[in-house]
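Asker: Let me give you the structure first, and then I'll get to my questions.
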Amino acid sequence: MAKNNPGSMKRKRTIGNIVSYILLILISVIWLFPYFGLLMQSFRSYDPAVEYGGMVDYIIPHTFSLDNYKFLFDGGTNYVRWYLNTLVIAIFVSIFNTIIVLCVSYALSRMRFKGRTLLMRFWLVLGMFPGFLTMICLYFLLKQVGLTQAGAVPGLILVSVASSGMGYYVCKGYFDTIPKALDEAARIDGASRARVFFTMTIPMSKPIIIYTALVAFMGPWCDYVFASYIAFGHDESYNVAVAMQRWMVVGDYQGYFTRFCAGGIVVAIPVTILFMFLQKYYVEGVTGGAVKG
Amino acid sequence: MANTTNGQAKKNGIGNFFSTLGNDIKDIGLTFKEGDFKTRISFIIFGFGSLLRGLWLRGIALLALEVGLLYFIIAFGWDYLSKLGTLGTVETTKQGRTTVYGDNSFLILLFGLLTLFAVFAFIFIWRMNIKVNRNEQLMLQNGKKLPTNKEDFASLFDSRFDKTLLALPVTGVFVFTVLPIIFMICVAFTNYDANHQPPSNLFTWVGLENFKNLFSFGTAGFGGTFVTVLVWTLVWAFFATFIDYFLGIAVAMLINKKGIRFKKLWRTILVMTIAVPQFVSLLYVSKLFASDGLINGYLLKWGVISEAIPFWTNPTLAKITIIVVNIWIGIPYLMLIATGLLMNIPEDLYESARIDGATPWQMFRHITMPYMLFVTGPFLLTQYTGNLNNFNVIFLLTQGAPKTGNLVGGAGRTDLLITWLYKMTINDTNYRMAAVIGIMVFVVTAVISLVVYNFLPSVKDEEGFQ
């Protein structure tokens, strides 16, 4: 390496910073561009008298209109229904998944019982099977109790909650970091396991509870496979992903593209705002989970 | 080291199993021989002893389980269980205008398995019941006091709290995951497909025929297609994991760089992509690259190209586009993880390297990278296996298209095993082959996980970086 005099070092750093800023701006543009496009195209009217609702070769609409948004909410389609379906599923799944994950994590982290490692290994192996393998059988099981088609919403909640116990890794990892001495001290004072769990462990686990609930809440918004299979052919039980995928793939030639954009924006905004508020917890959970593997 | 202990454990495991079984039988015999009449009657009427000894809580629980299971097995399950060997023989026939339904192979298989599990559960509870009785009897003989019903109940929230916590989750996983998976594994050995659909048709066991079909390379065989799809699945997962990983670290380092301002802003811009539901962003991006999409539209308008680039219709280009789009999806997530981890690298390592005159590149190669790889080894493995099964990205972008050449089973050029499995289930109702593919996905995932896991430095040497 050449001799470093302070002047050249400084110049080098300035150049480096400029390059970095250019890169960062470039990255930001690339990452934001699709959302910008989505937003702009959602304002392009599908009404042939005004503009065209299909694919075009420009981003900014010639005339801004709210036609697409009106279309979503004027009752011509079940959009509001789909939206509420997804919201209901997301809320219930979020609550119940969190409860179950907390229970499983506490039992596996704090208690030593016969078959504990066996159970963990078994679930690990079970996780290696593709989830859809269970689809055909589950559809039938749910159909027996009337939870498909018209009853798809509670059916989807049930399916999602029932196997949520297997997703305990991140939460258990977090519990493992809470010193056991705390539990033991409380137990010497006569507290039962259940009391320790409810009055000590849970209050101390706010970040991981929020992380678990957030991840569980976001899941149903993207659920396509099970939702499409279980609600099959019953328009009123679709969730947004299933219903709007249809617009894109089947309805594209009819110019549903801009309506998809508007629907996407309406879905994305609340979820994104929620996520942004709880971002801190998400980052904590994700990094913690990655280190522990 | 981990290997040898594992091996020993396995050997001991089998030995243990038999010696435990032997001990169990001995114990059961001893319980009967030394038992008083209460214990002996409990062999047939579960919980009888407990009830007479005043422990009605566990007594009733055991008895209720016995009655419930027996009722299920005899009144409901036996019929199905007895036909499990053939999966039904009575064909559905049409007599005039009415259809007379025969056996339903699907139900026979599903409920037959369920009954089989009920039988196992029955044996297990019988054994538990015997143990409980023996313990109670021994406690009384030794002059100890039995726990009261209240204590019994309280223990469910204290010493036996694990059972209370796990009862529901384990049952849920059993009914909604274990049972369906075992069912589908069984389907892989049957001829359940479009031509054998209950309730109008029967299906039956065919042994290994489906697996032979998977590895047969004739024109109708699945062999060629399976290999093509498998190779692309492995290649895709490799690129999707490692390109994202390294670029994610690079972006994280770029943002973390000294002298860069608005760090939070840059991070937030990227994180937004995680928040937007994938089906919105992926479907939009898929249209962005379509032949009549924005990118082609602008390039044509500006005269850069004279005809649309076939992003999704040319097999090779489609694969590249998918990987590129996946970088867009994956980097924010990996940037987050890398940011957290980079901050954990002890600063004095860099300090001393700088004093020794190391260049930034040397520091990256000899400090940052080894540390990151060490810490994230298991994570990379889960990422890889996750990408093997990354349904959303492939299905929402291309649905497996383009379909060219001579692939069977409805497979397209960008199909992963998992999307192929999905198509076979939905479009072709070819359940027998779908089940076989599902098992193959499991085998691939399991083999890769096992092999890689044993090579990971962080597994071999847990204390390495501490």
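Chains as they are written, first to last, in my numbering: chain G, 6 to 298; chain V, 372 to 837. Backbone N, C-alpha and C fix where the C-beta goes; we use that ideal spot for every residue, glycine too.
How should residue 498 of chain V be labelled, buried or exposed, when 16 other C-beta atoms within 10 angstroms of its C-beta is the threshold for buried?
Answerer: Walking along the second sequence from the start, residue 498 of chain V turns up at place 127. Result: exposed.
Asker: For residue 659 of chain V, return the contacting residues in chain G, with the cut-off set at a CB-CB distance below 9 Å.
Answerer: Start at 1 with the first residue of the second sequence, and residue 659 of chain V comes out as number 288. By Cβ distance, chain G contributes 38, 39, 42.
Asker: Would you tell me roughly how many angstroms separate the C-alpha atoms of residue 779 of chain V and residue 596 of chain V, rounded to the nearest one?
Answerer: Counting from one through the second sequence, the residue named residue 779 of chain V turns up at place 408. Counting from one through the second sequence, the residue named residue 596 of chain V turns up at place 225. Cα to Cα, the separation comes out at about 6 Å.
Asker: Roughly how many whole angstroms lie between the Cα atoms of residue 707 of chain V and residue 29 of chain G?
Answerer: Stepping through the second sequence from its first residue, residue 707 of chain V is reached at position 336. Stepping through the first sequence from its first residue, residue 29 of chain G is reached at position 24. About 15 Å.
Asker: What is the residue span of the beta strand (DSSP E) that residue 568 of chain V lies within?
Answerer: Against the second sequence, residue 568 of chain V aligns to sequence position 197. No beta strand (DSSP E) contains residue 568 of chain V, which DSSP labels as neither H nor E.
Asker: Specify the secondary structure class of residue 469 of chain V as computed by DSSP and reduced to three states.
Answerer: Numbered from 1 along the second sequence, position 98 holds the residue referred to as residue 469 of chain V. Residue 469 of chain V: strand per DSSP, three-state reduction.
Asker: By the 10 Å Cβ neighbour count, where 16 or more other Cβ atoms means buried, how is residue 805 of chain V classified, buried or exposed?
Answerer: By 1-based counting over the second sequence, the position of residue 805 of chain V is 434. With 16 or more Cβ atoms within 10 Å of its Cβ, residue 805 of chain V is classed as buried.
Asker: Of all the residues that make up the stretch 178-196 of chain G, which are near chain V by a beta-carbon distance shorter than 8 Å?
Answerer: none
Asker: Counting only runs of 4+ residues fully inside the stretch 639-693 of chain V, write out the alpha helix (DSSP H) ranges in chain order.
Answerer: 649-659, 665-672
Asker: Pull up the CB-CB distance for residue 520 of chain V and residue 428 of chain V, whole angstroms please, since I reckon it's below 8 Å.
Answerer: Counting from one through the second sequence, the residue named residue 520 of chain V turns up at place 149. Counting from one through the second sequence, the residue named residue 428 of chain V turns up at place 57. That pair is a contact at about 4 Å.
Asker: Residues in its own chain within less than 8 Å of residue 264 of chain G by CB, not counting five upstream and five downstream?
Answerer: In the first sequence, the residue the question calls residue 264 of chain G occupies position 259. Closer than 8 Å at the Cβ level, and outside the excluded window around residue 264 of chain G, lie 51, 58, 73, 76, 77, 252.
Asker: Excluding sequence positions up to five away, which residues of its chain have a Cβ less than 7 Å from the Cβ of residue 645 of chain V?
Answerer: Here residue 645 of chain V corresponds to residue number 274 of the second sequence, with the count starting at 1. Sequence-distant partners of residue 645 of chain V (beyond 5 residues in either direction) whose C-beta falls short of 7 Å from its own C-beta, in its chain, are 703, 704.
Asker: Does the stretch 480-497 of chain V come close enough to the stretch 432-450 of chain V that 3 or more CB-CB pairs lie under 8 Å?
Answerer: Three or more beta-carbon pairs separated by less than 8 Å link the stretch 432-450 of chain V to the stretch 480-497 of chain V, which places the two stretches in contact.
Asker: Quick check: the Cα distance between residue 516 of chain V and residue 133 of chain G, rounded to an integer number of angstroms?
Answerer: Here residue 516 of chain V corresponds to residue number 145 of the second sequence, with the count starting at 1. Here residue 133 of chain G corresponds to residue number 128 of the first sequence, with the count starting at 1. Each residue's Cα considered, the two are about 48 Å apart.
Asker: Beta-carbon separation of residue 697 of chain V and residue 647 of chain V under 7 Å?
Answerer: To locate residue 697 of chain V, count along the second sequence from 1; it is residue 326. To locate residue 647 of chain V, count along the second sequence from 1; it is residue 276. Contact: no.
Asker: If I follow the unbroken alpha helix (DSSP H) through residue 86 of chain G, where does it start and stop?
Answerer: Start at 1 with the first residue of the first sequence, and residue 86 of chain G comes out as number 81. Looking at the DSSP string, the run of the alpha helix (DSSP H) that includes residue 86 of chain G is 84-115.
Asker: In its own chain, which residues sit with a C-beta less than 7 Å from the C-beta of residue 247 of chain G, not counting the 5 before and 5 after it?
Answerer: Locating residue 247 of chain G in the first sequence gives position 242, where the first residue counts as 1. Here the set comprises 229, 232, 233, 236.
Asker: Mind checking residue 840 of chain V: buried by the 16 CB within 10 Å criterion, or exposed?
Answerer: The displayed coordinates of chain V run from 372 to 837. Any statement about residue 840 of chain V would go beyond what the structure contains.
Asker: Roughly how many whole angstroms lie between the Cα atoms of residue 582 of chain V and residue 42 of chain G?
Answerer: What you label residue 582 of chain V is simply residue 211 of the second sequence in a count that begins at 1. What you label residue 42 of chain G is simply residue 37 of the first sequence in a count that begins at 1. Approximately 47 Å between the Cα atoms of the pair.
Asker: Using a 10 Å radius around the Cβ and a threshold of 16 neighbouring Cβ atoms, would you call residue 603 of chain V buried or exposed?
Answerer: Residue mapping note: residue 603 of chain V aligns to position 232 of the second sequence, counting from 1. Under this definition residue 603 of chain V is a buried residue.
Asker: Using the beta-carbon count (16 or more within 10 Å), is residue 612 of chain V buried or exposed?
Answerer: On the second sequence, residue 612 of chain V is found 241 positions in, with the first residue counted as 1. Its Cβ being crowded by 16 or more others within 10 Å, residue 612 of chain V is buried.
Asker: Which residues in chain V sit within 7 Å of residue 277 of chain G, going by Cβ to Cβ distance?
Answerer: On the first sequence, residue 277 of chain G is found 272 positions in, with the first residue counted as 1. Those are 643, 646, 647, listed as they occur along chain V.
Asker: Using a Cβ cut-off of 9 Å, which residues of the stretch 59-85 of chain G contact any Cβ in chain V, in chain order?
Answerer: 59, 60, 61, 62, 63, 64
Asker: Please check the pair residue 479 of chain V and residue 440 of chain V, which I expect to be a contact at CB under 8 Å, by giving their CB distance rounded to whole angstroms.
Answerer: As a working mapping, residue 479 of chain V is identified with position 108 in the second sequence. As a working mapping, residue 440 of chain V is identified with position 69 in the second sequence. Not really, about 20 Å apart at Cβ, beyond 8 Å.
Asker: Do residue 600 of chain V and residue 799 of chain V have their beta-carbon atoms positioned less than 7 Å apart in this structure?
Answerer: If you number the second sequence from 1, residue 799 of chain V lands on position 428. If you number the second sequence from 1, residue 600 of chain V lands on position 229. No; because the gap between Cβ atoms is not below 7 Å, this pair is not in contact.
Asker: Hey, residue 2 of chain G and residue 97 of chain G: beta-carbon distance below 7 Å or not?
Answerer: The displayed coordinates of chain G run from 6 to 298. Any statement about residue 2 of chain G would go beyond what the structure contains.
Asker: Helix, strand or coil for residue 784 of chain V, going by three-state DSSP, please let me know.
Answerer: Within the second sequence, residue 784 of chain V is the residue found at index 413, counting from 1. Residue 784 of chain V falls in the coil class under three-state DSSP.
Asker: What is the rounded straight-line gap between the Cα of residue 284 of chain G and the Cα of residue 290 of chain G?
Answerer: Indexing the first sequence from 1 puts residue 284 of chain G at position 279. Indexing the first sequence from 1 puts residue 290 of chain G at position 285. Approximately 10 Å, taken between the alpha carbons.
Asker: Can you check DSSP and say which residues form a bridge with residue 590 of chain V?
Answerer: Here residue 590 of chain V refers to the residue found at position 219 when the second sequence is read from its first residue. Answer is none; residue 590 of chain V lacks a bridge partner.
Asker: In chain G, which residues lie with their C-beta within 8 Å of the C-beta of residue 820 of chain V?
Answerer: What you label residue 820 of chain V is simply residue 449 of the second sequence in a count that begins at 1. In chain order: 133.
Asker: On the three-pair Cβ rule with 8 Å, is the stretch 629-638 of chain V touching the stretch 805-815 of chain V?
Answerer: no
Asker: Let me know the secondary structure DSSP gives residue 835 of chain V once reduced to three states.
Answerer: Reading the second sequence from its first residue, position 464 is the one you call residue 835 of chain V. Legend: pLDDT at residue 835 of chain V = 49, less than 50; position of this residue unreliable, value from coordinates given subsequently. In the structure shown, residue 835 of chain V sits in coil (DSSP, three-state: anything other than H, G, I, E or B).
Asker: Where do the ends of the alpha helix (DSSP H) carrying residue 450 of chain V lie?
Answerer: Within the second sequence, residue 450 of chain V is the residue found at index 79, counting from 1. Residues 449-453.
Asker: In the stretch 628-640 of chain V, which residues sit with their C-beta less than 7 Å from some C-beta in chain G, listed in chain order?
Answerer: For the stretch 628-640 of chain V, which is checked against every Cβ of chain G, the residues closer than 7 Å are 628, 630, 631, 637, 640.
Asker: Under three-state DSSP, which class holds residue 816 of chain V?
Answerer: Along the second sequence, read from residue 1 onward, the residue named residue 816 of chain V stands at position 445. Here residue 816 of chain V sits in helix by DSSP.
Asker: Starting from the C-beta of residue 571 of chain V, find all residues in its chain whose C-beta is less than 7 Å away, skip the five residues before and the five after it, and write them out in chain order.
Answerer: Numbered from its first residue, the second sequence carries residue 571 of chain V at position 200. 463, listed in sequence order.
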